[in-house]
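**Student:** Residue numbers 437 to 547, in the numbering used here, belong to the letters of the sequence shown in order.
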Amino acid sequence: MTLLSDTLKAWVTKQESIIWQTQKKERGDASHLLAYTVKLGEEVGELAEQVLARFGYQRKSKIMAAGNDELADECADVIIVSLFLAEAAGIDIEKALTRKMEKLEVRNKEK
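1) Compare the C-alpha of residue 467 against each of 525, 535, 531 and name the closest.
2) Among residues of its own chain, excluding the 5 on either side of residue 475, which ones have a beta-carbon nearer than 6 Å to its beta-carbon?
3) Can residue 480 and residue 448 be called in contact, C-beta distance under 8 Å?
4) Short of 8 Å in beta carbon distance, which residues of its chain neighbour residue 507, apart from the five on each side in sequence? Order them along the chain.
5) Within its chain, find whatever has a CB closer than 6 Å to the CB of residue 439; leave out the 5 residues flanking it on each side and keep chain order.
6) CA-CA distance, residue 544 and residue 458?
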């Protein structure tokens, strides 16, 4: 099963490589992985803000600015940073996703 297109895989690899070069870090450098983890937390927070705004739990200015495009953008940011983190850690994300999906299928059948 192909979960990620070759185009997306190539884009992630290229962008992640540019980030490595810009920050002059060695692949697998712990500080780089920690930075991606913190960045992922930031993006999840921004996604949470969009969800809160959608249901009226934010300042009026944020509620007015919230929409499907903004929510979609934040979902995409979480996925992209997750893919960068996996790439930086040397994780085959397609295998990991397939394995996790299989576990969830088994778990959901048991309910």
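All residues carry an ideal CB built from backbone N, CA and C; glycine is no exception. Keep in mind the model is a prediction, meaning the values are calculated, not measured.
**Tutor:** Considering the structure as presented:
1) 525
2) 517
3) no
4) Non-local beta-carbon contacts of residue 507 in its own chain, meaning distances under 8 Å to residues more than five positions away in sequence, involve 483, 486, 487, 490 in chain order.
5) 530, 533
6) 43 Å
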